[in-house]
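Those letters in the first sequence? Residues 109 to 418, per our numbering, in order.
Virtual Cβ for every residue (Gly too), placed ideally from N, Cα, C.
Every value quoted in this text rests on a predicted model; they were computed, and no experiment measured them.
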Amino acid sequence: MQKNKPKVIVICGPTASGKTKLSIELAKQIQGEIVSCDSMQIYQEMNIGTAKPTKEEMQGIPHYLLDFVSPSKRYSVADFKKDATLAIENILQYNKVPILVGGTGLYIESLVKNIEYPEIELDSNYRKQLEEQIQEKGLEVLYEKAKEIDPKAMETISKNDKKRIMRVLELYRQTGKTKTELEKLSRQNPPPYDYHVFAITMDREKLYNRINQRVDNMIEQGLIQEVENLLKKYNTFPTAMQGLGYKEVVSYLQGNITKEEMIEKLKMETRRYAKRQLTWFRKDKNIKWLNALAPIQENIQCIVEDYSGE
RNA sequence: GCCUCGAUAGCUCAGUCGGUAGAGCAAGGGACUGAAAAUCCCUGUGUCAGUGGUUCGAUUCCACUUCGAGGCA
């Protein structure tokens with residue numbers, strides 16, 4: 109019964125590991141089209157800092173979920189799940205192979221594990237209320253409250269993890285169900301596609317060198333100007349300014365740190381991000397690892413063999 | 001050339017009245033279900049510059065050597 113499901117290829121891996129290049133080359137060879145799984149490349153006018161592939165790099169391969177959200181808009185995994193599913197369906201209609209590419213583990217997981225999100229809107233008023241309560245009474249009070257509502261979920265959530273504590277409370281308030289219950293409901297149905305998941309990486313030292321190099325290139329290409337333009341054009345950034353490279357440059361533009369400090373900080377934060385990504389992908393024991401330093405054709409062959417098999 | 005101070009973790013440094021050492025940062029590992037490039041948790045990695053002396057025992061005291069900083073000529 110797996111046989112009837114359309115096949116979908118996934119290429120993930122840490123930042124700067126060569127996902128873009130591999131995916132485009134693969135797409136050219138197997139009639140593929142690409143769906144980006146990247147929480148920052150979705151934003152318009154954020155090109156240099158997100159290392160968004162350029163038109164030339166794409167070589168005519170269609171790319172979905174790139175460059176289509178205003179930096180002043182909010183976007184979430186649930187939005188992504190919906191948009192990505194539409195994109196995959198679209199590609200399959202043309203009898204092309206969907207290739208999902210990106211470094212946002214949460215986004216990829218939403219598809220590969222087919223996590224279903226109930227239709228709820230963000231209640232920003234309630235979130236504001238919670239923030240105020242934290243200011244007044246401290247986070248601990250909310251932590252205890254969350255523990256009463258959903259003791260199971262709180263086993264893995266730290267007393268200091270403000271975001272997740274708030275989320276437990278938000279979910280209960282809006283749905284009347286606990287996070288634990290909702291998560292169970294979200295995993296009812298098996299994925300509608302036959303996913304073949306690959307991760308690409310290289311040894312840590314070389315990866316870090318590439319990251320450092322890439323940051324230098326971004327600065328040369330005008331990252332600072334890009335951030336200045338954004339700040340001029342928009343005044344609220346619900347999520348876009350969380351992106352690496354953006355918050356650091358803002359801090360520099362505000363005069364909090366020197367340019368050199370900013371560059372070093374950005375390199376460091378990006379290295380840490382790559383580490384976190386690796387932790388995420390290592391968790392999936394079924395993932396097939398590719399060596400980024402191997403010839404590209406070799407990696408493509410690995411993918412094609414796996415894809416054609418079974 | 002002489003004098004003084006310093007040499008301890010990847011970096012900056014603390015410390016051991018002689019019983020082989022610990023902070024911050026960096027780093028490593030982990031978690032992750034609507035902010036995820038976010039958020040959070042855990043972990044101390046060491047020829048205590050080298051050689052010799054004193055001592056049951058030296059990273060600690062002494063001598064010399066090397067290197068570094070400052071001062072005097």
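Ends of the alpha helix (DSSP H) at residue i?
i	result
Val335	Leu331 to Lys341
Lys393	Per DSSP, Lys393 belongs to no alpha helix (DSSP H) and is neither H nor E.
Arg295	Unbroken run through Arg295: none, as it is neither H nor E.
Gln167	Careful: Gln167 lies outside any alpha helix (DSSP H) and carries neither H nor E.
Gln362	Gln362 -> no alpha helix (DSSP H), and no H or E assigned at all.
In the structure shown, what three-state DSSP assignment does residue i receive?
i	result
Tyr183	coil
Asp302	strand
Tyr215	helix
Gln110	Note on Gln110: pLDDT 47, under 50, position unreliable in the model; no value is reported.
Tyr172	strand
Glu248	helix
Ile138	helix
Pro259	helix
Ile228	coil
Tyr202	coil
Gln237	helix
Lys127	helix
Lys267	coil
Ile156	coil
Thr344	coil
Gln350	helix
Gln385	helix
Lys221	coil
Thr286	coil
Which stretch, first to last residue, makes up the beta strand (DSSP E) that contains residue i?
i	result
Cys120	Lys115 to Cys120
Using DSSP bridges, identify the partner residues of residue i.
i	result
Ser144	Val209
Asn399	Thr309
Val177	Tyr151
Can you check which of these residues, the options, is closest to residue i by C-alpha distance?
i	options	result
Gln385	Arg312, Arg322, Phe345 and Lys270	Arg312
Gln139	Lys255, Asn343, Lys204 and Thr212	Lys204
Ala402	Ile117, Arg182, Ser125 and Cys120	Ser125
Glu197	Tyr172, Phe176, Asp187 and Tyr183	Tyr172
Lys113	Glu224, Leu293, Asn317 and His304	His304
Ile156	Thr309, Gly330, Glu165 and Arg318	Gly330
Any heavy atom of the ligand ZN closer than 6 Å to the Cβ of residue i?
i	result
Glu377	Here there are no bound small molecules, and the ligand ZN is not part of this structure.
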